[in-house]
Amino acid sequence: MVIIGAGLGGLSTGCYARMNGYRTVMLEMHELPGGCCTAWERGDFTLDCCVSWLLGSGPGNEMHQIWLELGALQGKRIRHFDVFNIVRDRDGRSVRFYSDPDRLQAHLTEISPADAKLIRGFCDQLRAFRKCLAVYPFLKPVGLMGRAERWRMLASFIPYFNVIRTSITVLMSDYSARFSHPLLREAFNYILYEKHPAFPVLPFHFQLASHANLSAGVPEGGSLGLARSIERRYLKLGGEVVYNAKVEEVLIEADRAVGVRLTDGREYRADIVVSACDGHTTMMKLLKGRYLNEAYRKLYTRTIQEPGMVFPGYFTLFLGLRRDFPDGEPCTTHLIDEKLAAELTGIRHPSINVQFRNRHYPELSPPDTTIVYATYFCDIAPWRALDEGPEQTSRTRGGQELHTLPVRHGRGYYAAKRRARDALVRFLEERYPGIGDAIAVRDVSSPLTQVRYTGNYDGTVLGWQPFVESGETLEELVKKHGPGVPGLADFYQSGVWATTGGLIRAAAAGRHVMQFICRDDGREFTAWTDDSEPPPIHVVIPVGMSPDAPVPGSPAKADQPDAALAARRAEARE
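Residue numbers for the sequence shown follow this note's numbering, beginning at 443 and rising by one.
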């Protein structure tokens, strides 16, 4: 089996392929695993750009089993904050979205007693979702369930039928408009950090309930550490990864995928090809638009170009600060005015999310320093209008072809990056005085940066949007045809473009695609957890406390001595 891409979808596919006896080689155009789940170094700081919460990081649901099968969490400390997100308006008023429904209800009612009934209804639904998470199916795709299995699955949802029905049929934008208090009316749209106009209430309940169940924390070592853990699991299982290897074409003979050709002319022949890279690249470049039936062709040539069909990209600013900012909150969405928004090229909604990232991952920066991570949802079109060169290029260095090296952009592009960077620094300085003088490292990226490193369509990090035509069409096609392409044998898709959602969906897609492959090969699928390291330890951190401070009554392990923490920092950098 050849697997294209070493993001989480590809790594997951590789792990489950090895568990089921398939010989595998994974081809990745970058020099690191993880795809969008990554980090990079700038001086003494490791800048982590992905995991702000990881669904399935705690037990009591099928998501958690997948991470344990992939060896992603074992031996790690999982940090949880008692506040999922803070939303602060332009006047400085804030809403703390506690994931615990009792605390959330009390806090929201204190802000707006007039909305007590609506608040109680939202929190009652959240209480129901905390129980409902245990029956959500992640281990087996619906398309492979027999009639009896489907009925059992549906029966398990009967106690939660009303809460699911009411939360999936009402958009959050409509639900939030019911509040009489203007702060709540606006803030509810930003619970999940950015505004998601197409999202119903259901995903908000799902994330908050997972967080309340200690199953949406952040894993020690961060995003690249998560990817490296799964890579180690894959290699221990006997898999092979080739980095700096960019696939140019899927080789096809007699309507069967028989291997791939790289940009340097090398060919890898195989019985099975799995593409775990960007879906548009897979369909329109690697397959050159062949084997697309009417539904797939519409999806990848027309629907994908319509507004809101794929997740937007991000503009990202990292600041490495020379000193600690103890008042910095783990996560706050700031609603901003039009003047600031006008300086932020491509901004989709007037808000920025600011995380003091060292609260999540203290091992990724030196002691008594701070990492600030500021982002906004960003359209790529305004950035492309400022660009004058290619978005990706391959160059040979030291006899090896490299594919993610910097490319030359237009002057307007760099000016827009500086303008956005400076505007965000001024904004942060107003709210956290002293930041400007403490800056040791600045790092800025746009959706075009994402394209350069991953090739993702329009710089998206998540692919298809759920709850709209694109995501719903994709899910129906996978149910009908499996994760392959009609008319092309021995070819499959994996990762977020074969489903809808985030990291857990990418990991689950690897499990699912291998179940389809095993079915097609007449094999019985098998999987097991990695027991070579101890299970993860969970720590709850009240917002405002150090991420390494002991919490009374929490299952935290003892504070680590300086030498141990230094060792973990070194391991994270590896």
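Each residue gets a CB set at the ideal place from its N, CA and C atoms; glycine is no exception.
In this structure, Leu626 sits near Leu550, with a CB-CB distance shorter than 9 Å. Judged by their CB atoms, Phe526 and Cys773 are nearer to each other than the 9 Å cut-off. When secondary structure is reduced to three states using DSSP, Val849 falls in the coil class, being assigned neither helix nor strand. Put simply, of Glu871, Thr811, Gly721 and Cys574 the residue whose alpha carbon is nearest the alpha carbon of Val938 is Gly721.
The C-alpha of Tyr635 lies about 24 Å from the C-alpha of Arg860.
DSSP, read as helix, strand or coil, puts Asn631 in helix.
In summary, Glu918 is exposed, with fewer than 16 beta-carbon neighbours lying within 10 Å of its beta-carbon over all protein chains present.
Here DSSP, grouped into helix, strand and coil, assigns Gly750 to coil. Within the segment 497-572, the complete beta strand (DSSP E) segments at least 3 residues long are 519-523, 525-530 and 536-540, listed from N- to C-terminus. Its chain contains Ala969 and Thr971 as the residues whose beta carbon lies nearer than 6 Å to that of Glu511, once the 5 sequence neighbours on both sides are disregarded; these appear in chain order. The C-beta distance from Gly500 to Asn655 rounds to 6 Å, short enough to meet the 8 Å contact threshold.
Between Pro928 and Tyr934, the gap from beta carbon to beta carbon reaches 9 Å or more. Taken in chain order, the complete beta strand (DSSP E) segments of 3 residues or longer contained in the segment 823-894 are 837-839, 842-844 and 881-887.
One Cα belongs to Ala737, the other to Met751, and the distance between them is close to 15 Å. By the Cβ neighbour-count rule, Tyr742 is buried, with 16 or more other Cβ atoms within 10 Å of its own.
The beta carbons of Trp495 and Ala658 sit about 4 Å from each other, so the pair counts as a contact at 8 Å. When the Cα atoms are used, Ile606 and Gln834 turn out to be separated by approximately 43 Å.
For Pro792, the CB contacts under 6 Å within the same chain, skipping 5 residues up- and downstream, are Ile778 and Ala783 in chain order. Here the segment 700-717 does not lie against the segment 873-886, with fewer than 3 beta-carbon pairs under 8 Å apart. When the five nearest sequence neighbours on each side are left out, the beta carbons in the same chain lying within less than 6 Å of the beta carbon of Cys719 are those of Ile446 and Gly447, in order along the chain. In the DSSP annotation of this structure, the continuous segment of the beta strand (DSSP E) that includes Asp932 starts and ends at Leu930 to Gln935.
DSSP, reduced to helix, strand and coil, places Cys719 outside both helices and strands of the structure shown, so it counts as coil. In the DSSP annotation of this structure, the continuous segment of the alpha helix (DSSP H) that includes Thr455 starts and ends at Leu450 to Met461. Here the alpha carbon of Thr705 sits roughly 33 Å from the alpha carbon of Leu759.
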